[in-house]
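Chains as they are written, first to last, in this note's numbering: chain A, 263 to 579; chain B, 1155 to 1674.
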């Protein structure tokens, strides 16, 4: 309980700090949303009118506290660049990006856990399958080095342009067809998942190797346990916490990956919105997304802590 | 970042070309020509009906209101809404103005009298009345609104209805160019949601817009003129030009404009491409107020140092139209062809002029370029090499568009920049007014009393031929003073599905889909 309260307080303080920083950053860097909207031919009168309409004629602190007040009341203001409420704009996009990351994370685990454990199993056995281990090392090395951006292009090229399994950029909204949506998201999710899966496989393997050198493993073996029994009953439970912690990190890293992948696959998600909102100095949208992302990061950490403690009772908060 | 991304795409496409050549070439002649068909629109009979997807590699922005849409970032929106709205008059592909919502008009000095066409309806079914016309013009002229036409309409002294079909517009003094402003959209009075549900009189009506996804138009069945062939047009909005290129390769897009030469060269055979003008003046714009660029000899030296042909070769395989001054060839009447090549490529002369200006050892020059416009970035890279040859040590400062707008365009904190300037209407004024010394948009701080005088005389001219002569003189001054290093009008490459025909280029940044059709 004390843990929950402490986390909650940290969350709120962090959100304050992050949102204030974002606000101040935009008041320092050049760029005026009114000019961006009205362009190079705009008259000074029109610009002033639009600035007043956007509330930009007041100081940054006044605007920050106004924004805070709005957030408290559950409102998020109007988007400058799209003329609709931020809530309306952000809602579906968060679902899209969230499901992209969710699919990516499931794929990461779906690939990494079996491959990592089987690969580690090879290590555990006395007869290490050398060529296979070499291939695994090579593949994971390459996959880790490939950025999701490039992987996205390769996947689009192979499955979209050459094989025509899916139509590039023909995004299907989940409101139209859930099946079509999930199918379209399959390849972007894969582009995010493969490099991360490679990383997780690496972590599993090296953890297993480190673990195998420890004394208790020798003891277990000398007590007559076969290599598999040692691996599954003793080693894997012990590496569960570090692997879980690393997997949670990859989930957080997927935020940035999804930004890139959404551009490649023309997915109208939160990442693409964030990039265009920064470019257009669409402060209300940027603020809302920054807060959501910061909250997401902290929630993932908190959940990881709790699950880790569920696995290993010795962990204290 | 963006360019390396594009290089990846190119490598992929090159791979595709090689693989395609290996596998698909079973029965036939090898041809080294890229797979683009014969690059001509099909000539069979037009078919009525059908749906197409048009690719746009740019967000459409916040407001679909036609009176607010001249914004820099929303050029794509202008292309789209050209199909939805019409003014009393409208531009033709030849750069003329023809009656649209008006059936006829007369000009008598400073008084314009328009007779409305019978049977013109808005997309909501209501007929267009004189009240709507007056409302549209007053709304455009309202300085308290965020209309981008305020300055153009500030000369209007009265707008009144003479009868149910006649509108009389009076302006302060006779102005040969005022008619071009009356291309502004006529919109229904009382519909105050133009920003989200635009209603006009054009050949297509608005159906829906999902930000960053798509905008859908349908044929307007009650259109007064020759109806559109297509039933439905979906503008699909892409996150980047590269994503759009991928969609072209997958056949997911029927028409895509503003392609780079590399994209066009690698188009699959389901497409042909057409090359037209981009309708802008690309230049190395120089801040005339900062030393040493305030010395005309230095600006002239830079002009001699630059080899425009090489830039065109590198940027677009030699396509493009070289320029010598501040008007592009789309303005057939005003464009001063004789100024092209005013400063031939002559590095020796450039060094001489620099020495005369006391800069025999050259100087440092920072070229600020918006990073999101690839052709301008490539141009700047070529310029750096060309300037180095005469001893000018140029470097590129890549900035994001918002930065460019506020620091270069508004604050004028720059030395040189590469950008293309487009006209918003068919008047020479829209291209030349900017360089008057006290104009708010004169971001290069060009200051020439002679130019100001000639421009003012052109504004006051009452004779068309005299006005054309004065505008040409103004262009001569820009060239002589080397206000900037004028480069070229870029080429607009449009990829079109080989089943489609009817595309027309305009001397403006618009996209006309009314004549586009499938062939049988």
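Beta carbons: idealized from backbone N, C-alpha and C, even for Gly.
These numbers were taken from a predicted model, which means no experiment stands behind them.
Inset, instruction - Look at the Cβ atom of residue 334(A), then the Cβ atom of residue 349(A), and state whether they are nearer than 8 Å. - result: Translated into positions along the first chain, residue 334(A) becomes position 72. Translated into positions along the first chain, residue 349(A) becomes position 87. Going by C-beta atoms, residue 334(A) is not nearer than 8 Å to residue 349(A).
Inset, instruction - Could you say if the stretch 1624-1636 of chain B and the stretch 1644-1652 of chain B meet the contact criterion of at least three C-beta pairs nearer than 8 Å? - result: no
Legend entry - Partners in chain A for residue 1305(B), counting only beta-carbon separations shorter than 7 Å: Locating residue 1305(B) in the second chain gives position 151, where the first residue counts as 1. Within chain A, the residues near residue 1305(B) are 305.
Inset, instruction - Select from 1489(B), 1568(B), 1388(B) and 1509(B) the residue whose C-alpha is nearest the C-alpha of residue 1520(B). - result: For the purposes of this step, residue 1520(B) is taken as the residue at position 366 of the second chain. Checking every option, the nearest Cα to that of residue 1520(B) belongs to 1568(B).
Legend entry - the stretch 1519-1533 of chain B touching the stretch 505-517 of chain A, judged by at least three CB pairs closer than 8 Å: No, because fewer than three Cβ pairs between the stretch 1519-1533 of chain B and the stretch 505-517 of chain A fall closer than 8 Å, the two stretches do not touch.
Inset, instruction - Could you pull out every unbroken beta strand (DSSP E) segment of at least 3 residues lying fully inside the stretch 1378-1457 of chain B, listed in chain order? - result: Look at the stretch 1378-1457 of chain B and you find these whole runs of beta strand (DSSP E), each 3 residues long or longer: 1386-1391, 1409-1413, 1425-1431 and 1434-1440.
Inset, instruction - Label residue 419(A) either buried or exposed according to how many other C-beta atoms from any shown protein chain fall within 10 Å of its C-beta, with 16 as the threshold for buried. - result: In the first chain, counting from the first residue as 1, residue 419(A) sits at position 157. Under this definition residue 419(A) is a buried residue.
Inset, instruction - Check distances from the C-beta atoms of the stretch 1548-1571 of chain B to those of chain A and list, in chain order, the residues that come in under 7 Å. - result: 1554, 1555, 1556, 1557, 1559, 1560, 1561, 1563 and 1564
Inset, instruction - Taking all protein chains shown into account, decide if residue 1213(B) is buried (16 or more other Cβ within 10 angstroms of its Cβ) or exposed. - result: For this step, residue 1213(B) is matched to residue 59 along the second chain. Residue 1213(B) should be labelled buried.
Legend entry - Collapsed DSSP secondary structure at residue 1519(B) in the structure displayed: Here residue 1519(B) is taken as the residue at index 365 of the second chain, counted from 1. It is a strand residue.
Legend entry - residue 544(A) and residue 281(A) closer than 8 Å at C-beta: Taking the first chain and counting its residues from 1, the one referred to as residue 544(A) is at position 282. Taking the first chain and counting its residues from 1, the one referred to as residue 281(A) is at position 19. Against a cut-off of 8 Å, the Cβ pair of residue 281(A) and residue 544(A) comes out as no contact.
Inset, instruction - Please classify residue 1135(B): is it buried, with 16 or more other beta-carbons within 10 angstroms of its beta-carbon, or exposed? - result: There is simply no residue 1135(B) to check, as chain B begins at 1155 and stops at 1674 in what is shown.
Legend entry - Beta-carbon spacing of residue 569(A), residue 506(A) below 8 Å: The sequence position of residue 569(A) within the first chain is 307, counting from 1. The sequence position of residue 506(A) within the first chain is 244, counting from 1. Between residue 569(A) and residue 506(A), the gap from beta carbon to beta carbon is short of 8 Å.
Legend entry - Stretch pair the stretch 1503-1515 of chain B + the stretch 1452-1468 of chain B: three plus CB contacts closer than 8 Å: The stretch 1503-1515 of chain B vs the stretch 1452-1468 of chain B: in contact.
Legend entry - Own chain, CB closer than 6 Å to residue 571(A), minus 5 neighbours either side, in chain order: The sequence position of residue 571(A) within the first chain is 309, counting from 1. Within the same chain, residue 571(A) has close Cβ partners 577.
Inset, instruction - Leaving aside the five residues before and after residue 1501(B) along the sequence, list all residues of the same chain whose C-beta is less than 8 Å from its C-beta, in chain order. - result: Locating residue 1501(B) in the second chain gives position 347, counting from the first residue. Around residue 1501(B): 1458, 1459, 1543 and 1544.
Legend entry - Within chain A, partners of residue 1350(B) - CB distance below 7 Å: In the second chain, residue 1350(B) corresponds to position 196, counting from 1. Here the neighbours are 345.
Legend entry - Span of the alpha helix (DSSP H) around residue 1643(B): Walking along the second chain from the start, residue 1643(B) turns up at place 489. Counting along the chain, residue 1643(B) falls outside any alpha helix (DSSP H), though it belongs to the beta strand (DSSP E) covering 1638-1643.
Legend entry - Cβ-based neighbour list, residue 1327(B), same chain, cut-off 8 Å, excluding 5 preceding and 5 following: The residue given as residue 1327(B) occupies position 173 in the second chain. If you ignore the 5 residues before and after residue 1327(B), its C-beta comes within less than 8 Å of the C-beta of 1264, 1309 and 1614, all in its own chain and listed in chain order.
Inset, instruction - Answer with yes or no whether the minimum CB distance from residue 418(A) to chain D is below 8 Å. - result: The structure shown contains no chain D; its protein chains are A and B.
Legend entry - 9 Å Cβ cut-off: residues of chain A touching residue 1585(B): As a position in the second chain, residue 1585(B) is number 431, starting the count at 1. For a Cβ distance threshold of 9 Å, nothing in chain A lies close to residue 1585(B): the least Cβ distance comes to about 12 Å.
Legend entry - Proximity winner among 1422(B), 1455(B) and 1641(B), relative to residue 1517(B) (alpha-carbon distances): Along the second chain, one-based indexing puts residue 1517(B) at 363. Closest option to residue 1517(B), judged by alpha-carbon separation, among 1422(B), 1455(B) and 1641(B): 1455(B).
Legend entry - Closest Cα partner of residue 399(A) within the set 414(A), 378(A) and 271(A): Locating residue 399(A) in the first chain gives position 137, counting from the first residue. Ranked by Cα distance from residue 399(A), the options 414(A), 378(A) and 271(A) are led by 378(A).
Inset, instruction - To the nearest angstrom, report how far apart residue 1378(B) and residue 1241(B) are at their CA atoms. - result: As a position in the second chain, residue 1378(B) is number 224, starting the count at 1. As a position in the second chain, residue 1241(B) is number 87, starting the count at 1. Approximately 13 Å between the Cα atoms of the pair.
Inset, instruction - Could you tell me whether the stretch 426-434 of chain A touches the stretch 459-475 of chain A, using the rule of 3 or more Cβ pairs below 8 Å? - result: With contact defined as three or more Cβ pairs closer than 8 Å, the stretch 426-434 of chain A and the stretch 459-475 of chain A are not in contact.
Legend entry - Identified DSSP bridge partners for residue 1266(B): Counted from its first residue, the second chain places residue 1266(B) at position 112. Beta-bridge pairing links residue 1266(B) to 1261(B) and 1323(B).
Inset, instruction - Classify residue 437(A) as helix, strand or coil using the three-state DSSP reduction. - result: Residue numbering aside, residue 437(A) sits at position 175 when the first chain is read from its first letter. In this structure, residue 437(A) counts as coil in the three-state DSSP scheme.
Legend entry - residue 295(A) versus residue 542(A) - alpha carbon distance: Looking up residue 295(A) in the first chain gives position 33. Looking up residue 542(A) in the first chain gives position 280. Cα to Cα, the separation comes out at about 6 Å.
Inset, instruction - Output yes if chain B places a C-beta closer than 8 Å to the C-beta of residue 359(A); else output no. - result: Residue mapping note: residue 359(A) aligns to position 97 of the first chain, counting from 1. False, the Cβ-Cβ gap to chain B never drops below 8 Å.
Inset, instruction - Count the other CB atoms, across all protein chains shown, that sit within 10 Å of the CB of residue 1219(B); report buried if there are 16 or more and exposed otherwise. - result: Residue mapping note: residue 1219(B) aligns to position 65 of the second chain, counting from 1. The residue is buried, with at least 16 neighbouring Cβ atoms inside 10 Å.
Inset, instruction - Mind checking which residues open and close the beta strand (DSSP E) that includes residue 1358(B)? - result: Position 204 of the second chain holds residue 1358(B). Its beta strand (DSSP E) spans residues 1358-1364.
Legend entry - Coarse secondary structure for residue 377(A), derived from DSSP in three states: Reading the first chain from its first residue, position 115 is the one you call residue 377(A). Of the three classes helix, strand and coil, the one that applies to residue 377(A) here is helix, per DSSP.
Legend entry - Own chain residues within Cβ distance below 8 Å of residue 562(A), not counting five before or after: Walking along the first chain from the start, residue 562(A) turns up at place 300. Excluding sequence neighbours, residue 562(A) sits near 510, 513 and 514.
Legend entry - Chain-order list of residues whose beta-carbon lies under 6 Å from that of residue 559(A) (same chain, five-residue window excluded): The residue given as residue 559(A) occupies position 297 in the first chain. Excluding sequence neighbours, residue 559(A) sits near 514.
Inset, instruction - Determine whether the Cβ of residue 1393(B) lies closer than 8 Å to any Cβ atom of chain A. - result: Taking the first residue of the second chain as 1, we reach residue 1393(B) at position 239. Chain A, which has a Cβ nearer than 8 Å to the Cβ of residue 1393(B), makes this yes.
Legend entry - Beta-carbon proximity of residue 1291(B) to residue 1325(B), cut-off 8 Å: Along the second chain, one-based indexing puts residue 1291(B) at 137. Along the second chain, one-based indexing puts residue 1325(B) at 171. No.
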